[in-house]
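Notes follow the structure.
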Amino acid sequence: MDTETLLKTHSQQHLLKSYEKWNEAERENFDRQISAIDWSILESLNAGNAEKGEIRPIDGISLREIEANRAAYEKAGKAAVKAGKVAAVLLAGGQGTRLGTSAPKGTFNIGVTRPLYIFQQLIENLKEVCAQCGAFVPLLIMTSEKNDEETRAFFEQHEYFGYPKNCVRFFVQEMAPCVDLSGKLLLESKGRLASSPNGNGGWYLSLARAGLLEDELLSAVEWFNVFAVDNVLQRIADPAFVGATILSKRKSGAKVVRKARPEEKVGVLCLEGGLPSVIEYYELSEELANLKTDTGELAYGFGVTLNYLFHAQTLKKIAAEKIPVHVAKKKIPYMNESGELVEPESENGYKFETLILDMIRLMGSCLPYEVEREKEFAPVKNKTGIDSVDTARVLLEKNGVKL
Ligand code: UTP
């Protein structure tokens with residue numbers, strides 16, 4: 000279908016007026032974007048939340064159990080890492096809007112008396128595990144169109160912070176178009192739609208599209224450890240976590256922290272209709288949020304930290320399945336009809352994202368694996384306040400990192 004027909008079919012003919020005024024190169028660019036749109040994403044604007052079934056607590060392993068079995072878990076995990084069965088996937092395609100910088104979040108300097116970049120700290124954490132296991136872990140870094148060049152250049156400039164470059168691959172995630180509050184596509188500039196990274200739920204498809212599943216580096220990989228860019232304390236390819244997940248025979252694992260209080264704003268792992276699921280804090284009733292187990296712990300107390308293990312063969316099987324698209328109201332800069340760029344002061348449209356937490360359900364089973372918050376959870380989401388540069392610095396220092 001040509002651009003005009005596509006726009007008319009999807010009630011987006013408001014863009015035709017501008018289209019007529021553009022030069023050939025701008026039109027060609029626009030044609031390419033329009034033909035690549037997954038229109039089903041826009042339909043999620045009108046879709047309700049799908050019913051997933053009865054909510055039940057999920058079995059996980061606590062810090063106490065981990066300590067009791069640490070030797071066995073570590074043995075299994077170290078063997079897997081050493082045999083090249085574990086790859087690490089760093090999700091770095093987000094825009095980090097809350098941190099208020101347009102640069103890739105990983106390039107943020109959290110040091111005080113010396114430069115210490117977020118990427119650098121993550122690489123240091125990974126290097127520790129590599130030293131323990133006697134092997135380098137393949138590291139796959141997901142970027143987006145908006146930050147790919149800058150991210151690669153940053154790693155080059157810092158010589159990969161001492162990590163072997165031949166063990167690192169970059170891949171670029173897809174973009175999703177943005178719409179205004181009435182569902183109409185917005186323009187960013189002449190011949191260019193306003194768009195944003197399509198969320199972290201598309202990481203596996205983007206990895207596959209980039210041809211990396213056939214890459215020699217991943218030839219032995221059986222598990223992907225996928226993690227967020229902003230938790231500077233997390234252990235990556237953590238042998239005990241890997242070993243515990245393998246030995247549990249579950250198809251995925253999630254590093255979780257115990258909720259500090261019932262009303263804490265964190266997504267929790269549970270079962271929904273018998274399948275593992277992450278339920279957002281605002282979806283959990285007060286009654287369930289306060290429910291206690293026989294041993295007095297919160298029944299829905301496993302908060303996710305965005306550090307997951309995925310079984311590679313199972314990922315292959317579920318790759319074609321659709322995951323829900325989440326719609327978020329945001330401020331979206333756009334070009335108006337007079338060709339001027341407008342920076343809106345309030346939310347003027349929607350962005351579309353798929354989320355990695357929705358993949359857990361498709362995996363069929365998941366092992367919640369508890370980690371100590373003070374030792375493994377220091378997300379840098381905001382400049383100050385909760386989950387900020389300030390709180391992360393305090394925790395890094397507590398863990399002996401020189402800032
Ligand atoms: P967040 O949900 O914290 O989003 O991402 P963000 O973009 O980093 O920050 P805000 O919300 O704009 O302030 C969690 C993780 O998922 C990655 C992020 O880079 C981070 O590691 N992510 C998010 C992607 O890789 N791609 C995306 O499209 C979105």
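In terms of numbering that gives the first Met the number 0, the sequence shown has 341 at position 342, counting the first letter as 1, and numbering is strictly consecutive. Virtual Cβ for every residue (Gly too), placed ideally from N, Cα, C.
With a Cβ-Cβ cutoff of 8 angstroms, do residue i and residue j count as a contact?
i    : j    : result
L89  : K380 : no
A236 : N224 : yes
V326 : S43  : yes
I122 : F107 : no
G59  : E369 : yes
Y203 : A319 : no
M141 : S205 : yes
A134 : K81  : yes
R249 : L366 : yes
L287 : I54  : yes
P323 : D293 : no
V220 : A78  : no
L125 : L115 : no
Can you give the Cα-Cα distance for residue i and residue j, rounded to whole angstroms?
i    : j    : result
I57  : F309 : 18 angstroms
D179 : D389 : 35 angstroms
N347 : D229 : 27 angstroms
E336 : E148 : 31 angstroms
R151 : S143 : 11 angstroms
G76  : S181 : 50 angstroms
V265 : R191 : 36 angstroms
T112 : L297 : 41 angstroms
S284 : I278 : 11 angstroms
Quick one: measure Cβ to Cβ for residue i and residue j, integer angstroms, because I've assumed they're closer than 8 angstroms.
i    : j    : result
P413 : G92  : Residue 413 lies beyond the stretch modelled for the chain, which goes from 0 to 402, so this question has no answer here.
F240 : L268 : Between L268 and F240 the Cβ distance is about 14 angstroms, and since that is not below 8 angstroms, they are no contact.
L290 : Y299 : 7 angstroms
Y18  : R31  : 13 angstroms between Cβ atoms; not a contact.
K397 : E371 : Going by Cβ atoms, the distance from K397 to E371 rounds to 11 angstroms, so no, they are not a contact pair.
K328 : Y349 : 6 angstroms
What would DSSP say about residue i, mapped onto helix, strand or coil?
i    : result
I331 : coil
L305 : strand
E321 : Just to set this straight, residue 321 is Lys in the shown sequence, not Glu. In the structure shown, K321 sits in coil (DSSP, three-state: anything other than H, G, I, E or B).
S39  : helix
F223 : strand
N197 : coil
Apart from the five residues just before and just after residue i, which ones in its own chain have a Cβ nearer than 7 angstroms to its Cβ?
i    : result
I36  : P176
N68  : none
L354 : G198, N199, G200, H325
Taking 6 angstroms as the limit between beta carbons, can you name the residues of its chain near residue i, skipping five residues before and five after?
i    : result
A227 : L90, L305
V128 : A236
Report yes or no: is there a C-beta of chain B within less than 8 angstroms of the C-beta of residue i?
i   : result
S39 : Looking at the structure shown, chain B is missing, and only one protein chain is on hand.
Take residue i and list the residues in its own chain whose beta-carbon comes closer than 8 angstroms to its own, dropping the five residues that flank it on each side.
i    : result
S387 : V379, K380, N381
L402 : I109, G110, V111, T112, R113, L115, R392, L395, E396
S345 : K330
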